[in-house]
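Number of protein chains: 2
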Amino acid sequence: MIRRYVGIDVGGTKIAAGVVDPQGRVLSKAESATLPDRPFADVVRDMADCARRAMEMAECSEAQIGAIGIGIPGIAENGTGAVIFCTNLGWHNVPLRKELSQYINKPIYIDNDATVAGYAESVAGVSRGATSSVFLTLGTGVGGGIVINGKPWTGAHGVASELGHLTIVADGIPCTCGKSGCMERYCSATALIRMGRDAARQYPDSAITKMSEGDPEKITGKLVIDCAKEGDAAALGVFKEYARYLAIGINNIISFLDPEIVVLGGGISHAGSFLLEAVRGRIPDFLMFKAMPYCRIELAVLGNQAGLIGAAMVAKSIIEEGEAYASDQDR
Amino acid sequence: MIRRYVGIDVGGTKIAAGVVDPQGRVLSKAESATLPDRPFADVVRDMADCARRAMEMAECSEAQIGAIGIGIPGIAENGTGAVIFCTNLGWHNVPLRKELSQYINKPIYIDNDATVAGYAESVAGVSRGATSSVFLTLGTGVGGGIVINGKPWTGAHGVASELGHLTIVADGIPCTCGKSGCMERYCSATALIRMGRDAARQYPDSAITKMSEGDPEKITGKLVIDCAKEGDAAALGVFKEYARYLAIGINNIISFLDPEIVVLGGGISHAGSFLLEAVRGRIPDFLMFKAMPYCRIELAVLGNQAGLIGAAMVAKSIIEEGEAYASDQDR
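If you're matching them up, the sequences are chains C and Z in order.
Basically this note's numbering = 1-based index in the first sequence + 3.
Basically this note's numbering = 1-based index in the second sequence + 3.
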């Protein structure tokens, strides 16, 4: 019997659950609205419901399921199975594993959404086969996922890989986290929008102003990038500045961990080769050792499937580690 | 027969070689001046000579030596045994292993001096037993050593753990490396001296000015710290600012890797508990998750023995890994 794994990706907007095979292929997927304002128990009931539906769609019995993985936009403690902190969902110290176990009696593991998405890319995506990789989600915020020796790295206390909150401009722009000058304030979609709005004010004749009909609220990351692709000088200036900060952030990753590959995901990564070429072109300016080789920089390929694939694969990795340990003890 | 290991620590000023036991205890030590302006081959001959003398002092035969480790202030490639880059010694692409092999026919491994010093602390020093640790040398520059899963981490291309060259102030103070705003420019002894000289100019009545007899050249890191310990307001201001930047740098380490322990070494660490308390007190201001536990922050304990202990222990770790792999293949 080939084992299957259930991955559940819980975001502020929706819950997605899927049955995933050992190679990281999605066999089925069921979704539901998160509606994070309702009680925790109701959200978990719908997580279980999505998982059940996905199992039915894949004609997969509970006996076939090796484990369940959950990706959350926050921090969990796998020792107790509790979610410590999950701002988007309003969860603080909630017993997620215990609550979900009432519906499905399988090993359950919980991890950060960027960590599991990065792991997904290293199992079934662009960083497949890499021993070490770093994943950056460039969205509303900047999330990070680290893979070391082929395994997700969450640190000694579970607070690792918060790469969006590395200080790159001490005493810089205040961050939502309470600190100042975090990478997220310069490399997120939010940052690109802020820079785009500044440029629109400064250059009323720019394409950014025209495309947004003079309404700053209509300026999105995509709009700025589209204007830059069209060659608008103001938008190009903004985009180059954005790419420069991203290159500074990636160079910090190189000088710290020196992974085999850095993977860019999240909304901004939809700019594709336009982003990739701009960033790759800027990296050498900030390298510590100009003559030494360094990581490849690539776009994520799993899109919004990464969360549930990664959650399932993290669960697989943890139970297999346990089994390998047990078999070692027997030997 | 209990195996011994030879550790060689090559700096810009001196060569130190020692015989080290498997627990990281130094059994003997021999030193010699580096005189880096002379030919590479002459420096290597003296490295071999120091190693021989140390072996004689410890009454240790060549047969007892498991391997030789070398710590260099630069970057090496263990595949070829070449030193790629070692500014202080003026070495570029020199065949260090091959050259030293003419004198002693043993497995030879080469690694960065901060990496091996950090590993030494994790084998026989303050971070002993920690699965993950980060070591910072606060000297003329800022060096970094990373231990992950009990092993030194040098990255996929050997350029990891250059923590002194993480950008913490984008477009900040120009660095000797060619970049700007590197952590080294704010957290090294050199930075403390610069800040002390600025303060002496600004506050001519300060103890810094008096102790240095009005000569900026006489202002050292120790002088600034001594004045701060005595309660001089200008020196205290400088020291607090220094500790604040160091706290920002350490928080970047926490948000990236979240190690069990961060170890402070190098000249500035001789300020002892005065430094430790100032830094520990500042960390919470920059934490991403205020309520979560995080790494201990401690002073290095091995002092200038760390280099040769670490070099020897890195060599031990690599040959044992090879033997474990070979025995696995036999099984």
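Here a beta-carbon is modelled for each residue, glycine too, at the ideal position from N, C-alpha and C.
Just how far apart, CA to CA, sit residue i and residue j?
i, j, result
"residue 305(C)", "residue 314(C)", "13 Å"
"residue 107(C)", "residue 53(C)", "12 Å"
"residue 271(C)", "residue 31(C)", "27 Å"
"residue 176(Z)", "residue 302(Z)", "27 Å"
"residue 141(C)", "residue 192(C)", "6 Å"
"residue 256(C)", "residue 67(C)", "39 Å"
"residue 97(Z)", "residue 38(Z)", "17 Å"
"residue 284(C)", "residue 150(C)", "25 Å"
"residue 129(C)", "residue 73(C)", "22 Å"
"residue 25(Z)", "residue 200(Z)", "46 Å"
"residue 59(Z)", "residue 155(Z)", "29 Å"
"residue 144(C)", "residue 4(C)", "41 Å"
"residue 254(C)", "residue 322(C)", "34 Å"
"residue 204(Z)", "residue 212(Z)", "8 Å"
"residue 18(Z)", "residue 137(C)", "37 Å"
"residue 80(Z)", "residue 47(Z)", "17 Å"
"residue 275(Z)", "residue 219(Z)", "25 Å"
"residue 110(Z)", "residue 324(C)", "33 Å"
"residue 239(C)", "residue 215(Z)", "52 Å"
"residue 262(Z)", "residue 134(C)", "19 Å"
"residue 6(C)", "residue 69(C)", "6 Å"
"residue 331(C)", "residue 331(Z)", "12 Å"
"residue 281(C)", "residue 246(C)", "6 Å"
"residue 198(C)", "residue 169(C)", "20 Å"
Using a 10 Å radius around the Cβ and a threshold of 16 neighbouring Cβ atoms, would you call residue i buried or exposed?
i, result
"residue 319(C)", "buried"
"residue 174(C)", "exposed"
"residue 233(Z)", "exposed"
"residue 157(Z)", "buried"
"residue 45(C)", "exposed"
"residue 93(Z)", "exposed"
"residue 312(Z)", "buried"
"residue 329(Z)", "exposed"
"residue 296(C)", "exposed"
"residue 152(C)", "exposed"
"residue 258(Z)", "buried"
"residue 307(C)", "exposed"
"residue 165(Z)", "buried"
"residue 84(Z)", "buried"
"residue 21(Z)", "buried"
"residue 167(Z)", "buried"
Once the 5 residues before and after residue i are set aside, which same chain residues still bring their CB inside 6 Å of it?
i, result
"residue 299(C)", "264"
"residue 117(C)", "140, 146, 147, 148"
"residue 41(C)", "none"
"residue 63(Z)", "7, 22"
For residue i, which residues in chain C fall below 8 Å Cβ to Cβ?
i, result
"residue 298(Z)", "159, 160"
"residue 251(Z)", "170, 173"
Residues in the same chain with beta-carbon distance under 8 Å from residue i, minus the five sequence neighbours each way, listed in chain order, please.
i, result
"residue 287(Z)", "293"
"residue 248(Z)", "171, 186, 189, 190, 194"
"residue 279(C)", "267, 300, 301, 302"
"residue 3(Z)", "Any answer about residue 3(Z) is impossible in this case: the structure gives chain Z only from 4 up to 334."
"residue 316(C)", "8, 10, 23, 27, 72, 119, 122, 123, 126, 127"
"residue 196(Z)", "222, 223, 224, 227"
"residue 14(Z)", "37, 76, 91, 116, 310"
"residue 16(Z)", "36, 37"
Residues of chain Z with CB under 8 Å from residue i, in chain order?
i, result
"residue 166(C)", "258, 259"
"residue 198(C)", "Under the 8 Å cutoff, chain Z gives no residues; its nearest Cβ is about 14 Å from residue 198(C)."
"residue 289(C)", "170, 182"
"residue 135(C)", "158, 159"
Taking C-beta pairs closer than 7 Å, name the residues in chain Z that residue i reaches, listed in chain order.
i, result
"residue 292(C)", "78, 88, 162"
"residue 151(C)", "151"
Within its chain, find whatever has a CB closer than 7 Å to the CB of residue i; leave out the 5 residues flanking it on each side and keep chain order.
i, result
"residue 183(Z)", "174, 175, 176, 177"
"residue 89(C)", "75, 76, 77"
"residue 251(Z)", "171, 289"
"residue 51(C)", "103, 106, 107"
What does residue i touch in chain Z if you count any residue whose Cβ is under 9 Å from its own?
i, result
"residue 295(C)", "78, 87, 88, 160, 161, 162"
Report the residues of the segment 169-185 of chain Z with a CB closer than 7 Å to any CB of chain C, ordered along the chain. 169, 170, 171, 172, 173, 180, 182
Please list, in chain order, the residues of the segment 243-275 of chain C that have any C-beta partner in chain Z closer than 9 Å. 247, 248, 251, 252, 254, 255, 256, 257, 258, 259, 260, 261, 262, 263, 264
Residues in the segment 74-94 of chain Z with C-beta within 9 Å of chain C's C-beta atoms, listed in sequence order? 78, 87, 88
Residues of the segment 107-133 of chain C with Cβ closer than 7 Å to any Cβ of chain Z, in chain order: none
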